[in-house]
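Novice:
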Amino acid sequence: MLTRGTLIYIGQRLVLILFTVLMVSFGVFYVVHLLPGNAFVSDRVHGRALQLLLHQYGLDLPIPVQYWNWLKGIFLHGSLGVSLYIRGLPITPLVLRELSVSAMLGGAALIITIGLGVTFGVLAAVRQNSWVDYLLTSIAVVGYSVPSFVIASLGILIFGQWLNNVTNGGIYYPEPWTGTYGTLAELSLPALALGFYTSGQITRITRAAMLDVIQQDYIRTARAKGLVNRVVILRHALRNALVPVTSILGPTVIGIITGSVVIENIFGIPGLGKEFVESIFQHDYNVTVGVFTIYAVLIGFANLGVDLVYTVVDPRIRY
Amino acid sequence: MKHLTLRFRAVQTAAILGGISLLVAACGNTTSTTSGLATKQVLKFPVYQSAGTFDPGEADAEVDTEIMQNVFSNLWKFDDKLNLVPDLATDVPSSSNNGVSSDGLTYTVHLKQNVKFNNGDSFSSKDVLYSWNRAAALQGAYASNLSAIAGFDAVQKAAGAPPSSKNSAGVTSFRQTLENKLASNDPSLQMSGLSAPDANTVKITLANPCGWCLTAWSLQGSTGSIVNQKAVQTDPENWWSKVVTPGQEGGMVGTGPFYMSAYTAKQSLTFKSVSNWWGSPKPTLTEVDIAIHDPSAIAGDVTAWEQGSYDLIGYGGNSGNLTYPLIQGIKGNSRFANQLITQPKGRTTWLSFNVGYPSTGGPFVGESAAAKGLRKAFALAVDKNDLAKTVCHDVQCSAATGGLITKGLIGYLGDNADPLAKFDPTQAKSLLQQYDPTGKLTANLKYSYNTGGLNDPVASYLQNAWQTNLGVKVNLDPSSDASQFISNRLSGKYVMARDGWQFDYNHPQDWYDNLWGYLATASGANTSGFDDPTYDSVLKQADQQPISQALSEYNQLAKILSDDVVYIPLYYSVANFAIRSYLKGAGSNTQADFYWNEISIQSH
Amino acid sequence: MAIAIQDPTNIEYAGGTVAREQVSLLRDGIRRLRRNRLALAATLYLLLLAVVCLVSVFWTPYKPNAIGTCATYELPSAGHPLGCDDLGRDSFSRLMVGTQVSLAVGLATASIVLLVGVVVGLVAGYFRGPVDAGLSLLTNVFYGVPPLLVAVALYVLLGPGLINIIIAISATIWMDMARLTRGQALSIREREFIEAAKAGGARAGKIVFGHILPNALGPIIVQATFVIPAAILTAAFLSFLGFGVPPPTADWGGMANEGLPSLQGGFDPYILLWPALTLSVTLLAFNFLGDGLRDAFDPRQKR
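Protein chains in written order, with this note's numbering: chain A, 1 to 319; chain B, 320 to 923; chain C, 924 to 1226.
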């Protein structure tokens, strides 16, 4: 499938990503440096000591010069700079570690969202207009209407406290998050809260697509040929119904990436989203810019990846 | 005679030990060692702020110093009762033991001889010179602790500002340059007042007599602390964030009883005890695990504490984080009610008037009778006792009635001794009537503060008080960005602002130098803008005298401030700790948490 | 057989309905909408919300920002039906005032998105060529940027404040409207009546806004209805993270944020619960309404 056209397309997209990332990083850089207040000032740090710290970290240089230094750091040393709040800590290993945590959370959420979404959609379509259909469709609507932090809070309430009280400490959702990657039990609720929101859209689209496909002639043919219904559904209908699902995969992945910001902050998960919010409050400019840049790169590649997956799923699409 | 005494002591100890081991054998308790200790001596607790830096030459945050005090030592330290006792020195110099010369300008310090860094290096006088010269050259927030030493200003000037960083190497080059110069004994970075006559003696010569210096040099985790030159040189920028690996150079090396064995930035810290530590008491804990959490996670952490995942909550300068419902929850739980420890802390909160910045101030600026009268009116209109009861439920704070220096510290004026702590709504109203009969001057006033903790209810209480008792509507000006709020306050961009101070060491100089007067103005910290020649001259004099003489002069300063109504006193902070009962030796005094080598875990 | 004409709009025969009276799309759509029970319920709820919003401007049971109206963390009681928050402020009053922020954000953002998105889409779709390429590039760049994060960055740059939040959110969701409108413009411009207008000498502006826009209105309105909950949701997320309207103004996301510690500590779930539930129901209502509108005005659906 790697035709010349596809390669050119990928090349164009990569250029677009680079352009976007540069614009975003400069924009964010500019924005955070315009803020009054900084990572150092406190009751104790002011006047000359403060000026010295600002000077040491190059914060008194003109912003374009600082940005240029930052760019040089990335392209020449592969380094995103040093943190200001934790004086001198190299940002790149910190951010990469947190990225892996977020990726783990996001991956789990993606599995849940696709698993739940497609399953509910297929079931609802197959049992159209039955109570199963209405129930699952309603769950889907609730899914994409109710904000993820509400789901998360309800989850904490139910699984963290109510279940704990009812089973007298036997089963419960453990708080808080331990270590870097937590345990599987600790991952369950955040991943569910994160994935539930986007699964609603997938359910709806899968259901609609399945309904469309089921009425097609070739499905009737397959049934007429005597194939078992389940085989018909799974092999033929589902395959074609997944095409529109991939069209929404992009926004789904983006929704998970941005949704993780809120979820990580609620559950105290040491990932990129939590770092993003923290670094803003701490005025740790370099970290904010670094996190933002990584997000821009991630989203750019997510979009590109989804578009490429599209060609695999639907051979009619060609770049 | 000396030998006999030693031998007798040895016999005594052996007898006691023998007796104890007999007792243990008789009990046959397999889960505890002698004297009821648990087999696992690992302390676990959360803190709610990331470590900014563990470099004693730079550190300025409480959570950092509370940890550092277990890794780095000073020449002297504060014991649990805040008395000054020797740490690396053999005794506390004074005029009576010839440690301090008669003119008060020369200190002769004798060092202990068996001290080792936790990487095995021996400690000697050259380490003191290195550490203190370095701290002066770094020009950090607490370098001024060393400012009385002769040659301090010259070193600061010679170290100079770091080169403007045209590339990200600017940071490293400043520190690297410093380290290179210090390694080559560059005379420009040696304070002339510091010298080492031999390996176990340090001579300190001051430019002026100094009554607060010994105290300031003993501030733990700060510029008086001793660092290891070799370790710092391996990585001048990040040595303090590296773990100490036996047999390898570098890392957070100090002479204290603990060393850092693991560090995951923004997540967790692990410290292990130094085996065969030179000092005493020898650490019983083998390991300390610290988790770095978000402040909002404290509710879940209390639950974890009740389940035994954490041994204490509130350590590391976070003792104010336990919110009122959490405190009530613990107290109401019969299992844990007696495990909530309350400890007054050396932190005062007050309201500062903008007295000295006319361009941004309001009707309170200046020394006119009207300005002073209005300030007094607002001060007398607030019932401080009622504020403490309403806002803090008398659990998280107590009314500041004895002056701005917190109760229990040197310089506290005495209960109800602060005239501004009075509540006199009648006089307040008459003052207002006298100086602002039309109400125009006091229209549209703002009270600025940063949100969080007790600040919101305090602000609301003040607003209410002025409305009720004075009939004046004051607008609230909250700021959710603490950094921005502090910047504005430091530049005088406010009319009335929440202000406060947490003491560093037990000496009034810590307050009067840093907050008002010419020294505060010079360092850019004079939030109220108050400056007065009388204040300055009394301050200069008091700083040079030993505390026994200086105290009355410092109290004079307090009177100047209260006569001028520069502030409205609000409350003294009270800390709350949740400490499991099986923890022995844990807790805190007004200044800091108790050292880790005093803590042990009983079997439970 | 006599033909009983009971319903003038339906001419019934033994074999079933043959023909219905011709009604305009609008009337037909409204009738279908009325039969959609969920959409009706949603509309009623939203009207109620609007009423509460208006009322709250003039009156609330207690002053919403007055600290100490009741005991902190007070559970729901007779005097305070929804309880009080961590600073002793009445939750019900704050909830009422919160409607102002949410509705303001929702409606203002939808207006801005309508203005910007429709204009960009129409211009790109009608003029095509380099104009379209340029505007599409702009749209694609905005797509490549993480939305919530851009909102945060703009908030950080512009400072706290309701207007700035509206601007920040609008900047991240106008693209879908532009894309939709562009698609509409592209297809409508091929129709004959547009050619006729051009032949008649109509200027581009009149064609775009006088002919193309009215015909594209259907999907645009539906999309706008979905922009409102998206904006409210994003605003709630921002407030929840701490980037919302500055204190002490009440808004649902901020209230939820303040209520989280007490939920996690297990001593007062209500502070978070009320704004969370209200927010969810409001979003559900908007989504149901949008769904209903889309189904009602979609000429392809026969029901």
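From the three backbone atoms N, C-alpha and C, an ideal C-beta is built for every residue, glycine too. Remember, predicted model here, so these are calculated numbers, not experimental data.
In the region 625-643 of chain B, which residues sit with their C-beta less than 8 Å from some C-beta in chain C, listed in chain order?
Specialist: Within the region 625-643 of chain B, the residues whose Cβ lies closer than 8 Å to some Cβ of chain C are Thr642 and Tyr643, listed in chain order.
Novice: Looking at chain B, is there any beta carbon in it that lies within less than 9 Å of the beta carbon of Val1041 of chain C?
Specialist: If you number the third sequence from 1, residue 1041 of chain C lands on position 118. For Val1041 of chain C, the answer is no, since every Cβ of chain B falls outside 9 Å of its Cβ.
Novice: Within this structure, are the beta carbons of Leu631 of chain B and Ala905 of chain B separated by less than 9 Å?
Specialist: Working through the second sequence from its first residue, we reach residue 631 of chain B at position 312. Working through the second sequence from its first residue, we reach residue 905 of chain B at position 586. The answer is yes: Cβ separation under 9 Å.
Novice: Write down every uninterrupted run of the alpha helix (DSSP H) in the region 378-449 of chain B whose length is 4 residues or greater and which is fully enclosed by it, in chain order.
Specialist: 381-387
Novice: Assuming Asp505 of chain B is part of the alpha helix (DSSP H), what are its boundary residues?
Specialist: Against the second sequence, residue 505 of chain B aligns to sequence position 186. No alpha helix (DSSP H) holds Asp505 of chain B; DSSP gives it neither H nor E.
Novice: Less than 9 Å between the beta carbons of Gly423 of chain B and Pro516 of chain B, yes or no?
Specialist: The sequence position of residue 423 of chain B within the second sequence is 104, counting from 1. The sequence position of residue 516 of chain B within the second sequence is 197, counting from 1. No, they are not a contact pair.
Novice: At 9 Å on the CB atoms, spell out the chain D contacts of Pro147 of chain A, in chain order.
Specialist: The structure shown contains no chain D; the protein chains it does contain are A, B and C.
Novice: Whose C-alpha, out of A:Gly255, A:Ala237 and A:Leu16, is nearest the C-alpha of Thr221 of chain A?
Specialist: Position 221 of the first sequence, counting from 1, holds the residue named residue 221 of chain A. Selected option, being the one with the closest Cα: A:Ala237.
Novice: Please classify Arg954 of chain C as buried or exposed, where buried requires at least 16 other C-beta atoms within 10 Å of its C-beta.
Specialist: Position 31 of the third sequence, counting from 1, holds the residue named residue 954 of chain C. Arg954 of chain C is exposed by the Cβ-count criterion.
Novice: For Pro516 of chain B, does the three-state DSSP call read helix, strand or coil?
Specialist: Here the question's residue 516 of chain B lines up with position 197 in the second sequence. Three-state DSSP puts Pro516 of chain B in a strand.
Novice: Counting only runs that start and end within the region 787-859 of chain B, where is the beta strand (DSSP E) found for 3 or more residues in a row?
Specialist: 793-798 and 815-821
Novice: If you measure between the beta carbons of Asp1174 of chain C and Gly1021 of chain C, is that distance less than 9 Å?
Specialist: Locating residue 1174 of chain C in the third sequence gives position 251, counting from the first residue. Locating residue 1021 of chain C in the third sequence gives position 98, counting from the first residue. Result yes, Cβ atoms of Asp1174 of chain C and Gly1021 of chain C sit closer than 9 Å.
Novice: For a test of the three-state rule: what should DSSP assign to Leu238 of chain A, helix, strand or coil?
Specialist: For the purposes of this step, residue 238 of chain A is identified with residue 238 of the first sequence, where counting begins at 1. DSSP places Leu238 of chain A in the helix class (H, G or I) of the three-state scheme.
Novice: Which one of C:Phe1015, C:Arg1051 and C:Gln1107 has the shortest CA to CA distance from Trp982 of chain C?
Specialist: Sequence index remark: in the third sequence, residue 982 of chain C carries index 59 (1-based). The shortest Cα separation from Trp982 of chain C among C:Phe1015, C:Arg1051 and C:Gln1107 belongs to C:Phe1015.
Novice: Can you tell me the Cβ-Cβ gap for Leu1206 of chain C and Ile1155 of chain C, rounded? I've got them flagged as a contact below 8 Å.
Specialist: One-based indexing of the third sequence puts residue 1206 of chain C at position 283. One-based indexing of the third sequence puts residue 1155 of chain C at position 232. So it is a contact: roughly 6 Å between Cβ atoms.
Novice: Could you run through the region 994-1024 of chain C and flag, in chain order, every residue whose CB is less than 9 Å away from some CB of chain B?
Specialist: Thr995, Tyr996, Asp1009, Leu1010 and Gly1011
Novice: In chain order, which continuous runs of the alpha helix (DSSP H) of length 4 or greater are located wholly inside the region 606-642 of chain B?
Specialist: 617-625
Novice: If we define contact as Cβ-Cβ less than 9 Å, is Asn557 of chain B a contact residue for chain A?
Specialist: Position 238 of the second sequence, counted from the first residue, corresponds to residue 557 of chain B. Chain A, which has a Cβ nearer than 9 Å to the Cβ of Asn557 of chain B, makes this yes.
Novice: Nearest CA to the CA of Lys400 of chain B: which residue from B:Gln921, B:Tyr914 and B:Val366?
Specialist: To locate residue 400 of chain B, count along the second sequence from 1; it is residue 81. Of the candidates B:Gln921, B:Tyr914 and B:Val366, the one whose C-alpha sits nearest the C-alpha of Lys400 of chain B is B:Tyr914.
Novice: Would you tell me roughly how many angstroms separate the C-alpha atoms of Leu242 of chain A and Ile139 of chain A, rounded to the nearest one?
Specialist: Taking the first residue of the first sequence as 1, we reach residue 242 of chain A at position 242. Taking the first residue of the first sequence as 1, we reach residue 139 of chain A at position 139. Their backbone Cα atoms lie some 20 Å apart in a straight line.
Novice: What is the DSSP secondary structure of Ser717 of chain B, counted as helix, strand or coil?
Specialist: In the second sequence, counting from the first residue as 1, residue 717 of chain B sits at position 398. Correct three-state label for Ser717 of chain B: strand.
Novice: Where Thr992 of chain C and Pro1004 of chain C are concerned, what is the direct C-alpha to C-alpha distance, given to the nearest angstrom?
Specialist: To locate residue 992 of chain C, count along the third sequence from 1; it is residue 69. To locate residue 1004 of chain C, count along the third sequence from 1; it is residue 81. Cα to Cα, Thr992 of chain C sits roughly 13 Å from Pro1004 of chain C.
Novice: Short check: CB of Phe196 of chain A to CB of Ile112 of chain A, under 9 Å?
Specialist: Here residue 196 of chain A corresponds to residue number 196 of the first sequence, with the count starting at 1. Here residue 112 of chain A corresponds to residue number 112 of the first sequence, with the count starting at 1. The answer is yes: Cβ separation under 9 Å.
Novice: Can you list, in chain order, the residues of its chain with a C-beta nearer than 8 Å to that of Asn763 of chain B? Leave out the 5 residues immediately preceding and following it.
Specialist: The residue given as residue 763 of chain B occupies position 444 in the second sequence. For Asn763 of chain B, where only same-chain residues beyond five positions count, the Cβ hits under 8 Å are Asn794.
Novice: Tell me the residue span of the alpha helix (DSSP H) that contains Trp558 of chain B.
Specialist: Mapped onto the second sequence, residue 558 of chain B falls at position 239. Note, Trp558 of chain B: premise wrong, no alpha helix (DSSP H); not H, not E.
Novice: For Tyr144 of chain A and chain C, any beta-carbon pair shorter than 9 Å?
Specialist: The residue given as residue 144 of chain A occupies position 144 in the first sequence. Yes, contact with chain C.
Novice: Does any residue of chain B have a CB that is nearer than 9 Å to the CB of Gln1187 of chain C?
Specialist: If you number the third sequence from 1, residue 1187 of chain C lands on position 264. Yes - at least one Cβ of chain B is within 9 Å of the one on Gln1187 of chain C.
Novice: Using a cut-off of 8 Å between C-beta atoms, extract the partners of Pro869 of chain C located in chain B.
Specialist: Residue 869 of chain C is absent from the structure shown; chain C starts at 924 and stops at 1226.
Novice: By DSSP's criteria, Ile1155 of chain C is part of a beta bridge. Which residues make up the other side?
Specialist: Here residue 1155 of chain C refers to the residue found at position 232 of the third sequence. Beta-bridge partners assigned by DSSP to Ile1155 of chain C: none are found.
Novice: In three-state terms, what does DSSP make of Met579 of chain B?
Specialist: If you number the second sequence from 1, residue 579 of chain B lands on position 260. In the structure shown, Met579 of chain B sits in a strand (DSSP, three-state: E or B).
Novice: Could I get the ranges of all uninterrupted alpha helix (DSSP H) runs contained in the region 861-906 of chain B, with 4 residues as the minimum, in chain order?
Specialist: 866-882
Novice: Where do the ends of the beta strand (DSSP E) carrying Trp669 of chain B lie?
Specialist: Taking the first residue of the second sequence as 1, we reach residue 669 of chain B at position 350. Run containing Trp669 of chain B: Leu659 to Phe672, per the beta strand (DSSP E) assignment.
Novice: Check whether the Cβ of Glu568 of chain B lies closer than 9 Å to any Cβ atom in chain A.
Specialist: As a position in the second sequence, residue 568 of chain B is number 249, starting the count at 1. Taking Cβ atoms only, chain A never reaches closer than 9 Å to Glu568 of chain B, which makes this a no.
Novice: What is the DSSP secondary structure of Asp1013 of chain C, counted as helix, strand or coil?
Specialist: Indexing the third sequence from 1 puts residue 1013 of chain C at position 90. Strand, per DSSP.
Novice: For the pair the region 1101-1109 of chain C and the region 47-63 of chain A, tell me if three or more CB-CB distances fall below 8 Å.
Specialist: no
Novice: Run through DSSP, which three-state label would Cys532 of chain B get?
Specialist: Position 213 of the second sequence, counting from 1, holds the residue named residue 532 of chain B. Correct three-state label for Cys532 of chain B: helix.
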